[in-house]
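Enquirer:
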Amino acid sequence: GAGVSQSPSNKVTEKGKDVELRCDPISGHTALYWYRQSLGQGLEFLIYFQGNSAPDKSGLPSDRFSAERTGGSVSTLTIQRTQQEDSAVYLCASSPMGYEQYFGPGTRLTVT
Amino acid sequence: RKEVEQDPGPFNVPEGATVAFNCTYSNSASQSFFWYRQDCRKEPKLLMSVYSSGNEDGRFTAQLNRASQYISLLIRDSKLSDSATYLCVVNIPMNTGRRALTFGSGTRLQVQP
Numbered sequence: 062g063a064g065v066s067q068s069p070s071n072k073v074t075e076k077g078k079d080v081e082l083r084c085d086p087i088s089g090h091t092a093l094y095w096y097r098q099s100l101g102q103g104l105e106f107l108i109y110f111q112g113n114s115a116p117d118k119s120g121l122p123s124d125r126f127s128a129e130r131t132g133g134s135v136s137t138l139t140i141q142r143t144q145q146e147d148s149a150v151y152l153c154a155s156s157p158m159g160y161e162q163y164f165g166p167g168t169r170l171t172v173t
Numbered sequence: 006r007k008e009v010e011q012d013p014g015p016f017n018v019p020e021g022a023t024v025a026f027n028c029t030y031s032n033s034a035s036q037s038f039f040w041y042r043q044d045c046r047k048e049p050k051l052l053m054s055v056y057s058s059g060n061e062d063g064r065f066t067a068q069l070n071r072a073s074q075y076i077s078l079l080i081r082d083s084k085l086s087d088s089a090t091y092l093c094v095v096n097i098p099m100n101t102g103r104r105a106l107t108f109g110s111g112t113r114l115q116v117q118p
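These protein sequence lines are chains A and B, in that order. If you want the working numbering, it's the position in the first sequence, counting the first as 1, plus 61. If you want the working numbering, it's the position in the second sequence, counting the first as 1, plus 5.
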């Protein structure tokens with residue numbers, strides 16, 4: 062079946078611009094996570110959605126970062142006024158009711 | 006102390022070798038454990054869950070030692086295609102209700118011909 066999809070696969074933007082990253086989770090998965098991974102580094106948790114519950118935003122690094130999930134399915138991660146340190150791969154994962162997570166291919170963000 | 010610790014490696018082994026990775030976790034209340042594999046510039050992919058009784062999937066065997074709070078992954082008869090970074094993943098109980106997984110930084114394996 063279809064896995065997690067993310068778009069765009071690559072995004073180059075100028076410092077100070079806003080960007081939106083999209084994630085389509087696996088159909089029927091109730092949980093959705095956003096992570097980011099800098100080159101050669103581990104995964105950094107950003108935000109978590111579970112059903113209709115309020116999202117867990119505890120990993121967002123600053124108020125320039127926000128995310129929403131519409132209709133319990135598609136999610137959008139928005140970064141406002143991008144900075145060079147925001148350059149990373151942004152990974153989305155979805156999960157059924159258990160803990161195992163299935164990742165999308167990621168969006169590689171480069172801020173110039 | 007990190008919540009999940011792994012030896013970063015790299016482990017350089019010849020084809021056909023047996024290699025083992027260990028991982029320790031700090032939260033004794035953790036209940037779910039996984040090994041993920043991440044190829045260079047790719048997303049992590051679930052390799053296998055780790056069960057209390059230990060489990061095997063082909064050439065891969067996972068073990069859990071709750072008393073010592075460590076997890077192991079054994080790869081037998083290594084193939085060139087096993088070259089990747091192996092991530093130890095543990096759930097961290099949260100009073101927020103979030104089903105959180107904490108990812109180790111990974112152990113890099115390079116299988117050589």
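Ideal Cβ positions, reconstructed from N, Cα and C, are used throughout, including at glycine. Note that the structure is a prediction, hence the values are computed from the model and not measured.
According to DSSP, is A:L100 part of a helix, a strand, or is it coil?
Expert: The residue you call residue 100 of chain A lines up with position 39 of the first sequence. A:L100 falls in the coil class under three-state DSSP.
Enquirer: Alpha carbon to alpha carbon, how far is A:P116 from A:M158?
Expert: Here residue 116 of chain A corresponds to residue number 55 of the first sequence, with the count starting at 1. Here residue 158 of chain A corresponds to residue number 97 of the first sequence, with the count starting at 1. Near 16 Å, if we compare the C-alpha coordinates of A:M158 and A:P116.
Enquirer: With B:Q74 and B:S33 assumed to form a contact (beta carbons below 8 Å), what rounded beta-carbon distance in angstroms separates them?
Expert: Taking the second sequence and counting its residues from 1, one reaches residue 74 of chain B at position 69. Taking the second sequence and counting its residues from 1, one reaches residue 33 of chain B at position 28. About 6 Å separates the two Cβ atoms, so the contact holds.
Enquirer: Between which two residues does the beta strand (DSSP E) harbouring A:Q145 extend?
Expert: Mapped onto the first sequence, residue 145 of chain A falls at position 84. Per DSSP, A:Q145 belongs to no beta strand (DSSP E) and is neither H nor E.
Enquirer: Going along chain A, which residues have a C-beta under 7 Å from B:E48?
Expert: If you number the second sequence from 1, residue 48 of chain B lands on position 43. L152, F164, G165, P166 and G167, listed in chain order.
Enquirer: How is B:D44 classed by DSSP in three states: helix, strand or coil?
Expert: Residue numbering aside, residue 44 of chain B sits at position 39 when the second sequence is read from its first letter. Three-state result, B:D44: coil.
Enquirer: How many Å lie between A:S114 and A:S99 at the Cα?
Expert: As a working note, residue 114 of chain A is residue 53 in the first sequence. As a working note, residue 99 of chain A is residue 38 in the first sequence. Their backbone Cα atoms lie some 29 Å apart in a straight line.
Enquirer: Counting only Cβ pairs nearer than 9 Å, list the residues of chain A close to B:N96.
Expert: Position 91 of the second sequence, counted from the first residue, corresponds to residue 96 of chain B. Simply Y160.
Enquirer: In whole angstroms, what is the alpha-carbon distance linking A:Q144 and A:K76?
Expert: Position 83 of the first sequence, counted from the first residue, corresponds to residue 144 of chain A. Position 15 of the first sequence, counted from the first residue, corresponds to residue 76 of chain A. So the alpha carbons of these two residues sit roughly 5 Å apart.
Enquirer: Under 8 Å, CB to CB, which of the residues in the stretch 100–117 of chain A have a partner in chain B?
Expert: Q102, G103, L104, F106, Y109, Q111, S114 and D117
Enquirer: When Cβ atoms are compared, which residues of the stretch 15–36 of chain B fall closer than 8 Å to chain A?
Expert: Only those residues of the stretch 15–36 of chain B whose C-beta falls short of 8 Å from the nearest C-beta of chain A would be listed, and there are none.
Enquirer: Once the 5 residues before and after B:F108 are set aside, which same chain residues still bring their CB inside 6 Å of it?
Expert: Residue numbering aside, residue 108 of chain B sits at position 103 when the second sequence is read from its first letter. Hits under 6 Å: L92 and V94.
Enquirer: Please say whether B:V55 and B:K84 have beta carbons closer to each other than 8 Å?
Expert: For the purposes of this step, residue 84 of chain B is taken as the residue at position 79 of the second sequence. For the purposes of this step, residue 55 of chain B is taken as the residue at position 50 of the second sequence. Result no, Cβ atoms of B:K84 and B:V55 do not sit closer than 8 Å.
Enquirer: Which one of B:S58, B:T66, B:E10 and B:T112 has the shortest CA to CA distance from B:S31?
Expert: Position 26 of the second sequence, counting from 1, holds the residue named residue 31 of chain B. Looking at the Cα atoms, B:E10 is the closest of the given residues.
Enquirer: Identify the contact partners of B:G111 in chain A, using a Cβ-Cβ distance below 7 Å as the criterion.
Expert: For the purposes of this step, residue 111 of chain B is identified with residue 106 of the second sequence, where counting begins at 1. What B:G111 touches in chain A: G103.
Enquirer: My parser needs the beta strand (DSSP E) runs of 3 or more residues fully inside the stretch 23–82 of chain B; what are they?
Expert: 24–30, 38–43, 50–55, 60–62, 65–70 and 75–80
Enquirer: Could you name the residues of the same chain whose beta carbon sits closer than 8 Å to that of B:V18, not counting the 5 residues immediately before and after it, in chain order?
Expert: Taking the first residue of the second sequence as 1, we reach residue 18 of chain B at position 13. Counting only Cβ-Cβ distances below 8 Å, and skipping sequence neighbours, we find V24, S83, L114, Q115, V116 and Q117.
Enquirer: Ignore the nearest five residues each way along the sequence and tell me which others in A:I108's own chain have a CB closer than 7 Å to its CB.
Expert: Position 47 of the first sequence holds residue 108 of chain A. Same-chain partners within the cutoff: W95, P116, D117, K118, G120, L121 and A128.
Enquirer: If you draw a straight line from the alpha carbon of B:T66 to that of B:G59, how long is it in whole angstroms?
Expert: As a position in the second sequence, residue 66 of chain B is number 61, starting the count at 1. As a position in the second sequence, residue 59 of chain B is number 54, starting the count at 1. Cα to Cα, B:T66 sits roughly 7 Å from B:G59.
Enquirer: Put A:D85 into one of helix, strand or coil per three-state DSSP.
Expert: Numbered from 1 along the first sequence, position 24 holds the residue referred to as residue 85 of chain A. Residue state, collapsed to three classes: strand.
Enquirer: Find the nearest neighbour of A:D147 within the set A:I87, A:R125 and A:A63, judged by alpha-carbon distance.
Expert: For this step, residue 147 of chain A is matched to residue 86 along the first sequence. That would be A:R125, whose Cα lies nearest to the Cα of A:D147.
Enquirer: What does B:S54 reach in chain A if we use C-beta pairs closer than 8 Å?
Expert: Sequence index remark: in the second sequence, residue 54 of chain B carries index 49 (1-based). Under the 8 Å cutoff, chain A gives E161.
Enquirer: If you measure from the CB of B:C93, is any heavy atom of the ligand MG nearer than 7 Å?
Expert: Because no ligand of any kind appears in the structure shown, any question about the ligand MG cannot be addressed here.
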